[in-house]
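Engineer: I'd like to ask you about the structure that follows.
Number of protein chains: 2
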Amino acid sequence: MLETIRIEQKILGQNEEYAARNRRRLDEAGVFTVVLSGSPGGGKTSLLERALPLMPPDLRPGVVEGDIETALDGKRIAALGVPVTQVVTGGTCHLEAGMIEKALDHLDLQALDVLFLENVGNLVCPAAYALGESIRVIVLSTTEGEDKPLKYPAMFRKADALIINKVDLLPYLSVDLAAAEAYARQVKPDLPVFRTSCVTGEGIEEWIAWLSELRQSWKQASSRT
Amino acid sequence: MLETIRIEQKILGQNEEYAARNRRRLDEAGVFTVVLSGSPGGGKTSLLERALPLMPPDLRPGVVEGDIETALDGKRIAALGVPVTQVVTGGTCHLEAGMIEKALDHLDLQALDVLFLENVGNLVCPAAYALGESIRVIVLSTTEGEDKPLKYPAMFRKADALIINKVDLLPYLSVDLAAAEAYARQVKPDLPVFRTSCVTGEGIEEWIAWLSELRQSWKQASSRT
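The listed protein sequences correspond, in order, to chains A and B. This note's numbering applies: residue 5 is where the first sequence begins, and numbers increase by one. This note's numbering applies: residue 5 is where the second sequence begins, and numbers increase by one.
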């Protein structure tokens, strides 16, 4: 087993190097980068479809879509006229920094202010792989129940915000969202939480405003250094 | 990278050995074993909570619960008076055959006819790990959308049945279930599909009847060999 652990550390170590390189490249281009992760079908792509057309002029977006197979999500983003690159991992259960490096070659970073990296739908493995991002946002659907932060703590511990999506379904569910938020903050104190619906649009503008403000502080901090 | 692949093959090879050993042990005890997999929050535990009390007398059930953290699911099953062992993987994103071997030591196999192994919520990694099971059942929630079989094909390719759960939410969703089934059968032709709701109980008895019949054929086949 020791051998296995050494190999894993080597892979993760290589990934960290690629991630640091991506981060430098994105910082130099002034691109604030947001990883979106969550379970399959939690609404990550739908959230982007709702949010991208509402971005303010100083938050010109781009997207990298990560999927094991198909370019279905990439096509949905391209239909909005937003620059997008689809990464097909071909079996790998998470995005890796080396994949992102190649994806960045296909984007005009100078034309972007914010880049969303939508990870493979998976509430476990993406936690271990830095991609070069500025922040991580986790998308949880109301239909997944309140106990997920306790059962999948690593992802929540590494998140900078939690989006609880599909709140339009609340009248038909027995989920306790206050408990979900409390569990998430038990794992990651002070985690900002947004409640959204891609059907009604609820919460989308609040999330964009938060992103916009965070990007502003990030830009000011990086111009000082 | 070659080194990595060799290690992975070694891990998977070891897992296959453990799985074969579990299978012999379960076969000898006459225990039909069903792996339940699917995304986090798709309703795997709720499905068991609904189905276990309805099992016929010749289908005495037991459960192994797999979670990264917490024994929440194990407690839900224990509350029904059904024998259950909780495996906490401590970070690992899937059950492995070695974990099941240890879990079997805690169950009285002679008192069981069917054993459910509920995997970690993950639509990717569990596909690669045999556990010693007789069949694999995948649970997909209506809320996850119709495209999952195309985006996560390995899990569907290895499934012996698909349960589309949470059909009670259909009036509030824009999902196309006929497309979901067609995509699943594109990946795995003739895949049996059940539509269930743990709120209304719809489809649960049909699924149990199918399991019961399959277990009967399995028992007859194994008594002939």
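In this text, a Cβ means the ideal position worked out from N, Cα and C, and glycines have one as well. The structure presented is a predicted model; accordingly, all values stated were derived computationally and were not measured.
In the stretch 87 to 166 of chain B, which residue ranges form an unbroken beta strand (DSSP E) of at least 3 residues, counting only runs that do not cross its ends?
Structural biologist: Entirely contained in the stretch 87 to 166 of chain B, the beta strand (DSSP E) runs reaching 3 residues are, in chain order, 88 to 92, 118 to 122, 139 to 145.
Engineer: My guess is that S138(B) and V38(B) are in contact by the Cβ rule of under 8 Å, so how many angstroms apart are they, rounded?
Structural biologist: About 7 Å; that satisfies the 8 Å criterion.
Engineer: How about Y187(B) and L154(B): do their beta carbons lie closer than 8 Å?
Structural biologist: Cβ atoms of Y187(B) and L154(B): closer than 8 Å.
Engineer: Please work out which residues of its chain come closer than 7 Å, Cβ to Cβ, to S216(A), disregarding the five sequence neighbours upstream and downstream, and give them in chain order.
Structural biologist: So the qualifying residues of the chain are P60, L63.
Engineer: In the DSSP assignment, what are the bridge partners of I168(B)?
Structural biologist: For I168(B), which the question treats as bridged, DSSP gives the partners L144(B), R199(B).
Engineer: Taking a contact to mean a Cβ-Cβ separation below 8 Å, would you say S43(B) touches E148(B) in this structure?
Structural biologist: Cβ atoms of S43(B) and E148(B): closer than 8 Å.
Engineer: Buried or exposed: which applies to D77(A), given that a residue is buried once 16 or more other Cβ atoms fall within 10 Å of its Cβ?
Structural biologist: Buried, because 16 or more other Cβ atoms sit within 10 Å of the Cβ of D77(A).
Engineer: For K170(A), which of Q90(A), V179(A), K162(A) has the nearest alpha-carbon?
Structural biologist: Nearest of Q90(A), V179(A), K162(A) to K170(A), Cα basis: V179(A).
Engineer: Does the stretch 108 to 116 of chain B come within contact of the stretch 125 to 145 of chain A, defined as at least 3 CB pairs closer than 8 Å?
Structural biologist: Output reads no: the stretch 125 to 145 of chain A does not touch the stretch 108 to 116 of chain B.
Engineer: Inspect the CB distances between the stretch 97 to 106 of chain A and the stretch 186 to 200 of chain A and report whether three or more fall short of 8 Å.
Structural biologist: The answer is no - the stretch 186 to 200 of chain A does not touch the stretch 97 to 106 of chain A, with fewer than three Cβ pairs under 8 Å.
Engineer: Confirm, please, whether the CB-CB distance from D172(A) to S248(A) is below 8 Å.
Structural biologist: Not covered by the structure: residue 248(A). The range shown for chain A is 5 to 229.
Engineer: Within 10 angstroms of its Cβ, does A163(B) collect 16 or more other Cβ (buried), or is it exposed?
Structural biologist: A163(B) is buried by the Cβ-count criterion.
Engineer: Should A24(B) be flagged as near chain A, meaning a C-beta pair shorter than 8 Å?
Structural biologist: Not one chain A Cβ lies under 8 Å of A24(B).
Engineer: Got a sec: is the Cβ-Cβ distance from Y176(A) to anything in chain B below 8 Å?
Structural biologist: Judged by the 8 Å Cβ criterion, Y176(A) is in contact with chain B.
Engineer: Is it buried or exposed, R54(B), if we count other Cβ atoms within 10 angstroms and call 16 or more buried?
Structural biologist: That one is buried.
Engineer: Which residues in the same chain as K223(B) place their Cβ atom closer than 7 Å to its Cβ, once the five residues preceding and following it in sequence are excluded?
Structural biologist: The residues are G34.
Engineer: In chain order, what residues of the stretch 39 to 53 of chain B put their CB closer than 7 Å to some CB of chain A?
Structural biologist: Residues passing the 7 Å Cβ filter: S43, P44, G45.
Engineer: Against G125(B), what residues of chain A qualify as contacts under a CB-to-CB distance less than 9 Å, listed in chain order?
Structural biologist: Going along chain A in sequence order, the residues near G125(B) (Cβ under 9 Å) are S43, L127, V128, E148, K152, K155, Y156.
Engineer: Decide if L6(A) is buried, meaning its Cβ has at least 16 other Cβ atoms within 10 Å, or exposed.
Structural biologist: With a pLDDT of 46 at L6(A), under the threshold of 50, the predicted position of this residue should be treated as unreliable, and no value is reported.
Engineer: Compute every distance between the C-beta of V91(B) and the non-hydrogen atoms of the ligand SAM, then say whether any falls below 7 Å.
Structural biologist: No copy of the ligand SAM occurs in the structure displayed, which carries no ligand at all.
Engineer: Can you tell me where the beta strand (DSSP E) holding T37(A) begins and where it ends?
Structural biologist: Note, T37(A): beta strand (DSSP E), 36 to 42.
Engineer: Mapping DSSP to helix, strand and coil, what is P65(B)?
Structural biologist: DSSP places P65(B) in strand when its eight states are reduced to three.
Engineer: The alpha helix (DSSP H) with A83(B) in it runs from where to where?
Structural biologist: Looking at the DSSP string, A83(B) is not in any alpha helix (DSSP H), and its letter there is neither H nor E.
Engineer: By the 9 Å beta-carbon criterion, what residues does the stretch 94 to 127 of chain B contribute toward chain A?
Structural biologist: Answer in chain order: G95, T96, C97, H98, V124, G125, N126, L127.
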